[in-house]
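To keep things clear, I will list the structure first and then write my remarks on it.
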Ligand code: B3K
Ligand code: ZN
């Protein structure tokens, strides 16, 4: 924490470092009330940048460190030989190559920010990305400084039998005085400090092995606390599948002899890809049918894969500077989503990703924190681990994949990995490799990296029966975002087909082209306005546009509701069938919101019921798809779409429509519900998960009819379920139902049964915090008094405060502003403990421009109050000040 104004860092100011660190030798001496960190660095002048005759000072990053000793080439320096401030240690090396030895003292047990070396429960662990290593020792803490690390960890044997770091264990390990022992690790691959990791604890392990494509046997280990030993199988299977997939899909083989995952309870995000030693939030490792839902199983699979894939996209080839973060994150998210698609269903995975992107990233891109996939500036890099860098970044890579085709893309990534192995590079280098391998020119495409905001794409069409010609025209426009008022046209790949009145795809012959494009094509839109003419079209077609969401844009086309019904029933493309049903539901809901606001009674558009009826009766369709299609768009998405969001009206209209659909389709829903088998034994395969997903979606609808007979079915499911997915779905339905007695009983039974399982209790917290029944704020305040709640555990903060502010819109936005006041108080409180988590909580308030005037004022007031707080962290300062600007 500091008092002076935090300063902004600009991409345009990037310069190479003055020095390199070839070797890094670290020794950690861990104690209960402090840790000593001894480093020995082999350094040399960066000759490309500066000459030896005017050697620049060496400025090492360091924060919250107590400096014990500095030695330069084995000579102890005195205080006069160096300068120290809050962020750095500066000294003047006498030669172009030198050895620097530094000892610092830190207090991991008091580190509540969970960055650097800290304690989670009884174990020591680290989190160094992005700039956490500087909280461990003085160093060149920047990703373009890559060094070979050797690490020795010394700690009490009894308390910390397991001592881990990156790389391969060096045979030597042994006893030290006073019941202490030590282990040394060596990582042969040069890496930036952000990939450093250390773990010390009393851990047990699940061990397995994997034989790579070249026949090397890799030792695989998942370390957890003893009570979680039975919950690691799914993570281990996911790891092995990821390793195989990366070999088959990208030709990437694992490189060390050992790969370790450690689960910790207190972790700021999902997981971290430290070389050879991934540290995970336990919520992304542990999964077992009794305690984890299918969603949690899928998240474990995706996060294990994501972190594993970073070994190439991030570790072997890393980022030159933090502005390039999407180089590794966008690419790796794209890789993990394709992996998940291959493991389960591509269409369902795509629907989930697009739903998430549109409700959340689009909102970010339209708000005060909007920034390009490659940002131009930041105050605190931790604030830029955003949906834009990750999810929009992945969309950008997906478009490159679409434009090049799978084979061309693979040629490009092969060249990228080969050309840049062991280097710290930029997004431009990535695109250049794809261009060079394919003879492509992506100069215009690269605007996706530099322009923020979600482009709008308006499509229109005209059919000329006499000429048998169909004209499809597009107009693109990207709204202004902070610091970017003028935007240039971007390359927008539109995957599309034309459907005849039978719903069949028509042959696509573009005027001026000699060859037909078959029945589906990708139109590349590059101009602000552009037209495509299709020839030999003998009837008025209905276009199926942006299939698979081939570009992250807001597409509009003047579809009538009947058109959407037709597409929802007949489009051969699964994604666009869902999209048509979504579009219809959005249109219906937006209409209902307006009608409700004028005080008129609401009526159900039977066309939507008809689409749902057809889908419910279609047993040939993947059950997970049925569940997706009959799920109404979220309140958050409706807020995002609205010019001014009227929270109560949105909530009312959506709840009304759900209940109305449930009543209108009760017998069809009941029939389908009854026909779905309840499996005797649990399985986490795709088909079983799909069946559960549909069954529980149907249960949710049935419960809206408030029929006591159904309530009993729900209670029975809650009691008898042999897995957490079904149990939790029943609990959610009960918690949001008017059956007070059953709700209370279910919550109590659940809490009693699972009190010893923190991750299960997180679900219990979050279901209640997210419940839209009235009185939400009081409930949340009560939950915070629960003995298991603590602000020091990020998962608990997310489960209670995060769920309330992000998923419980009616209660968070209660008209008197008490929800805003509550959140601002928590932000201020949390900022003293954990600035990264505090800054994340600002998001719902930062969206104040979306709401009506009275709410805008109340939200701004709270932001202003946060900003006026003394000793605000740069993290919260940046988000709040930008939100108010
Ligand atoms: N690379 C880490 C994120 C680190 C966040 C630091 N504030 C996890 C991931 O994206 O794989
Ligand atoms: Zn990542």
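In the working numbering, the protein residues as written are 61 to 945.
Virtual Cβ for every residue (Gly too), placed ideally from N, Cα, C.
With a floor of 3 residues, list each beta strand (DSSP E) that falls wholly inside the segment 172 to 234, ordered by position along the chain.
You should have 176 to 180, 183 to 187, 207 to 216 and 222 to 225.
Give me, in chain order, the residues of the same chain whose beta-carbon lies closer than 7 Å to that of residue 939; leave out the 5 immediate sequence neighbours on both sides.
Translated into positions along the chain shown, residue 939 becomes position 879. Contacts found: 429, 443, 899, 902 and 906.
Please classify residue 548 as buried or exposed, where buried requires at least 16 other C-beta atoms within 10 Å of its C-beta.
Locating residue 548 in the chain shown gives position 488, where the first residue counts as 1. Residue 548 is exposed by the Cβ-count criterion.
Helix, strand or coil for residue 807? Go by DSSP, reduced to three states.
Looking up residue 807 in the chain shown gives position 747. Helix.
With a Cβ-Cβ cutoff of 8 Å, do residue 464 and residue 417 count as a contact?
Position 404 of the chain shown, counted from the first residue, corresponds to residue 464. Position 357 of the chain shown, counted from the first residue, corresponds to residue 417. No, the pair does not count as a contact, with Cβ atoms beyond the cut-off.
Is the beta carbon of residue 446 within less than 7 Å of some heavy atom of the ligand ZN?
Reading the chain shown from its first residue, position 386 is the one you call residue 446. Outside the cutoff, so no.
Determine the contact status of residue 102 and residue 81, defining contact as a CB-CB distance below 8 Å.
Residue 102 sits at position 42 when you count from the first residue of the chain shown. Residue 81 sits at position 21 when you count from the first residue of the chain shown. Yes.
How far does the alpha helix (DSSP H) with residue 888 in it reach, from first residue to last?
Taking the first residue of the chain shown as 1, we reach residue 888 at position 828. Run containing residue 888: 878 to 891, per the alpha helix (DSSP H) assignment.
Determine the extent of the alpha helix (DSSP H) in which residue 774 is found, giving its start and end residues.
To locate residue 774, count along the chain shown from 1; it is residue 714. Residue 774 -> alpha helix (DSSP H) spans 768 to 780.
Apart from the five residues on each side of it in sequence, which residues of its chain come closer than 8 Å, Cβ to Cβ, to residue 811?
In the chain shown, counting from the first residue as 1, residue 811 sits at position 751. 821 and 824.
Would you list, in sequence order, the uninterrupted alpha helix (DSSP H) runs of no fewer than 4 residues that lie entirely inside the segment 664 to 707?
If we require 4 residues or more, the alpha helix (DSSP H) runs fully inside the segment 664 to 707 come out as 666 to 677, 683 to 689 and 695 to 701.
In angstroms, rounded to a whole number, what distance separates the CA positions of residue 490 and residue 373?
Counting from 1 along the chain shown, the entry for residue 490 is found at position 430. Counting from 1 along the chain shown, the entry for residue 373 is found at position 313. Cα to Cα, the separation comes out at about 11 Å.
I need the straight-line Cα distance from residue 62 to residue 173, nearest angstrom please.
Position 2 of the chain shown, counted from the start, is the residue given in the question as residue 62. Position 113 of the chain shown, counted from the start, is the residue given in the question as residue 173. With a pLDDT of 46 at residue 62, under the threshold of 50, the predicted position of this residue should be treated as unreliable, and no value is reported.
What residue does the beta strand (DSSP E) around residue 615 start on, and which one ends it?
As a position in the chain shown, residue 615 is number 555, starting the count at 1. It spans 614 to 616 - the beta strand (DSSP E) in which residue 615 sits, taken as one unbroken run.
Could you please give the first and the last residue of the uninterrupted beta strand (DSSP E) stretch that includes residue 273?
As a position in the chain shown, residue 273 is number 213, starting the count at 1. Taken as a continuous stretch (DSSP letters only), residue 273 belongs to no beta strand (DSSP E), as it is neither H nor E.
Taking C-alpha atoms, which residue in 201, 270, 633 and 420 lies nearest to residue 380?
Within the chain shown, residue 380 is the residue found at index 320, counting from 1. The option with the nearest alpha carbon to residue 380 is 201.
If contacts are defined as beta-carbon pairs under 8 Å, then residue 294 and residue 253 qualify, I think. What distance do you get, rounded to the angstrom?
Counting from one through the chain shown, the residue named residue 294 turns up at place 234. Counting from one through the chain shown, the residue named residue 253 turns up at place 193. Contact doesn't hold; Cβ gap of about 32 Å is too wide.
Pull the bridge partners of residue 135 from the DSSP assignment, please.
For the purposes of this step, residue 135 is taken as the residue at position 75 of the chain shown. DSSP output for residue 135 lists 132 as bridge partner(s).
Only counting the same chain, and skipping five residues up and downstream in sequence, which positions put a Cβ closer than 8 Å to that of residue 76?
The residue given as residue 76 occupies position 16 in the chain shown. Closer than 8 Å at Cβ, skipping near neighbours: 106, 108, 109 and 204.
Between residue 971 and residue 243, is the Cβ-Cβ spacing less than 8 Å?
Nothing about residue 971 can be read from this structure; the chain reaches only from 61 to 945.
Under 6 Å Cβ to Cβ from residue 528, same chain only, skipping five residues before and after it: list those, please.
As a position in the chain shown, residue 528 is number 468, starting the count at 1. Taken in chain order, the residues that qualify are 596, 597 and 598.
Taking all protein chains shown into account, decide if residue 360 is buried (16 or more other Cβ within 10 angstroms of its Cβ) or exposed.
Translated into positions along the chain shown, residue 360 becomes position 300. Classification for residue 360: buried.
Out of curiosity, what's the CA-to-CA distance linking residue 652 and residue 699?
Sequence index remark: in the chain shown, residue 652 carries index 592 (1-based). Sequence index remark: in the chain shown, residue 699 carries index 639 (1-based). Using only the alpha carbons, I get a separation of about 14 Å.
Return the residue from the list 131, 702, 121 and 138 that minimises the CA-CA distance to residue 146.
On the chain shown, residue 146 is found 86 positions in, with the first residue counted as 1. Comparing Cα-Cα distances from residue 146 to each of 131, 702, 121 and 138, the minimum goes to 121.
If you check the beta carbons only, do residue 331 and residue 339 fall under 8 Å apart?
Here residue 331 refers to the residue found at position 271 when the chain shown is read from its first residue. Here residue 339 refers to the residue found at position 279 when the chain shown is read from its first residue. In this structure, residue 339 lies closer than 8 Å to residue 331 by Cβ.
Going straight from the alpha carbon of residue 79 to that of residue 909, what length do you get?
By 1-based counting over the chain shown, the position of residue 79 is 19. By 1-based counting over the chain shown, the position of residue 909 is 849. Rounded to the nearest angstrom, the two C-alpha atoms are 46 Å apart.
Taking all protein chains shown into account, decide if residue 924 is buried (16 or more other Cβ within 10 angstroms of its Cβ) or exposed.
The residue given as residue 924 occupies position 864 in the chain shown. Flag for residue 924 reads exposed.
Say yes only if the C-beta of residue 711 is nearer than 7 Å to one or more non-hydrogen atoms of the ligand ZN, and no if none qualify.
Position 651 of the chain shown, counting from 1, holds the residue named residue 711. No; taking the cut-off as 7 Å, the Cβ of residue 711 has no heavy atom of the ligand ZN nearer than that.
Report whether the distance from the Cβ of residue 392 to the nearest heavy atom of the ligand ZN is below 7 Å.
Position 332 of the chain shown, counted from the first residue, corresponds to residue 392. The answer is yes for residue 392.
Please return the same chain residues whose Cβ sits closer than 6 Å to the Cβ of residue 365, not counting the five positions on each side in sequence.
Numbered from its first residue, the chain shown carries residue 365 at position 305. Cβ neighbours of residue 365 beyond the five flanking positions: 302, 396 and 399.
Apart from the five residues just before and just after residue 645, which ones in its own chain have a Cβ nearer than 7 Å to its Cβ?
Residue mapping note: residue 645 aligns to position 585 of the chain shown, counting from 1. Contacts found: 668, 692 and 693.
With a threshold of 8 Å between beta carbons, is residue 542 in contact with chain B?
This model lacks chain B altogether; it includes just one protein chain.
I'd like to check one pair, residue 362 with residue 345: are the Cβ atoms closer than 8 Å?
Within the chain shown, residue 345 is the residue found at index 285, counting from 1. Within the chain shown, residue 362 is the residue found at index 302, counting from 1. Contact: no.
Quick check on residue 943: does DSSP put it in helix, strand or coil?
Counting from one through the chain shown, the residue named residue 943 turns up at place 883. Of the three classes helix, strand and coil, the one that applies to residue 943 here is helix, per DSSP.
If you follow the alpha helix (DSSP H) that residue 356 is in, where does it begin and where does it stop?
For this step, residue 356 is matched to residue 296 along the chain shown. Counting along the chain, the alpha helix (DSSP H) containing residue 356 begins and ends at 354 to 369.
CA-CA distance, residue 269 and residue 321?
If you number the chain shown from 1, residue 269 lands on position 209. If you number the chain shown from 1, residue 321 lands on position 261. Going by the C-alpha atoms only, they are around 13 Å apart.
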